[in-house]
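What follows is one structure encoded as C-alpha cells, with my remarks underneath.
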Amino acid sequence: MRRKIAAGNWKMNTTLNEGKELIENMLSKLDENPPKQNADELLVIFGTPFITIESGMQLVSGNPMVKMAAQNCYSEEKGAYTGEISVSMIKSTGAEYVIIGHSERREYFHESHEMLAKKVDLALKHDLKPIFCCGEKLEIREKNTHFNLVKRQIEESLFHLGAEDFKNIVIAYEPVWAIGTGVTASPEQAQEMHAFIRNLLAERYGPKVASDTSILYGGSVSAKNAAELFANPDVDGGLVGGASLKADDFVTIINSF
Ligand code: PGA
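Numbering (numbering that gives the first Met the number 0), first residue to last: 0 to 256.
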C-alpha cells in the first residue's frame, strides 16, 4: 500500500530561528488538529534549508508521521566541491528524504538527466529516499509533447534502478507552468499525468511497483485546492512550495486527504 504524503518545499526561505518557529508552530497545530490517518498511511515531510534540518529533526523526532528532507544534494560522494552538501552529510542529520531534480535546479543549475541519475543512486546508496521531480514547461504542454518529456525524465534518471529500489522512491509531478504562479493544474490534468506515470512504472516494473509508489502533485497547491487534487485516485499527495511556509495553510493541506 502506498502512503499519502504532504511534503513542504521551503526553497530558499527562513533563517534558522524562523525555520524552527515555523516547525514548532506547525507541530502544535497538528496536535490540535491531528490527521485521521496513522503514520503508516500518511507522512508529513518538511523540506527545509540545510541549516534547519538538524534542529528540525530534534523537533519532529517524537512524531512518527513527520520527517525531514533536504531540497538537494550533490552528485559526488565527497571531496573538493566547495559549498556542496553530500548525501552522507544529509543522512547524518537524521533526514530521511531528499528532493532531487526540482525544476528550479534543472533550470537555474543546469542539472541534467545523467546528473540526477547519479544523485538518485547516491541517495539510495546512503539510505536516503529521493523525492524525484519531473514536469514540463508551458511551451511543451502547448506543443502537446508533455507526456513524452515526462516519460524521458523518468526513464533517463530512474529506469536504471531495480524494482526493489522503488520502495524508497517518491515521484513528484510538478508542471513548471504551475509552480509559484497561482495557476494549478486542474484535477483532471493532474490525474491524467499521474495515471500516465503509474502506467510507465507498471510497464517497466509490473503492477506491484506501480501501485506501491507514491506520486505527488506540485504546483500552486493551496489550502483551497488540495482536497480536490488529492481526491484523484492517482494523486497521492502534494509537494507544496509557497503554502508550506504558512502553518495554517499547510496543516489544512495535511488534513485534506
Ligand atoms: P509552489 O511550489 O507550491 O509554490 O507552486 C511547488 C514546488 O516548487 O515544489
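The beta carbon of each residue, even a glycine, is placed where N, CA and C say it ideally should be.
| Asked | Found |
| --- | --- |
| Helix, strand or coil for Pro206? Go by DSSP, reduced to three states. | helix |
| For the segment 122 to 135 and the segment 94 to 108, state whether three or more C-beta atom pairs, one from each stretch, are separated by less than 8 Å. | yes |
| Can you check which of these residues, Ala6, Arg197, Asn167 and Pro232, is closest to Lys128 by C-alpha distance? | Asn167 |
| Compute the Euclidean distance between the alpha carbons of Ser27 and Gln152, then round it to the nearest angstrom. | 38 Å |
| State buried or exposed for Tyr107, treating a residue as buried only when at least 16 other CB atoms are found within 10 Å of its CB. | exposed |
| Tell me whether Glu173, by its Cβ, gets closer than 7 Å to a heavy atom of the ligand PGA. | yes |
| Quick one: using the 10 Å Cβ neighbour count with 16 as the cut-off for buried, is His193 buried or exposed? | buried |
| Measuring from the CB of Leu238, is there a heavy atom of the ligand PGA at a distance below 7 Å? | yes |
| Applying the 10 Å Cβ sphere with the 16-neighbour rule, what's the burial state of Ala79? | exposed |
| Ends of the alpha helix (DSSP H) at Asn147? | His145 to Leu157 |
| Which value, in whole angstroms, describes the spacing of the CA atoms of Leu15 and Ile50? | 7 Å |
| Pull up the distance between the alpha-carbon of Phe256 and that of Gly236, whole angstroms please. | 8 Å |
| Using only the alpha-carbon positions, how far apart do Leu121 and Val65 sit? | 23 Å |
| Between the segment 174 to 193 and the segment 217 to 228, are three or more C-beta pairs nearer than 8 Å? | yes |
| Tell me, which residues are paired with Cys72 by DSSP? | Looking at the DSSP assignment, Cys72 forms no beta bridge with any residue, so it has no partner. |
| Give the straight-line distance between the Cα atoms of Phe158 and Ala69, rounded to the nearest whole angstrom. | 23 Å |
| Mind checking Met11: buried by the 16 CB within 10 Å criterion, or exposed? | exposed |
| Note down the Cα distance separating Ala226 from Thr81, rounded to an integer number of angstroms. | 42 Å |
| Does the beta carbon of Ser91 fall short of 7 Å from some heavy atom of the ligand PGA? | no |
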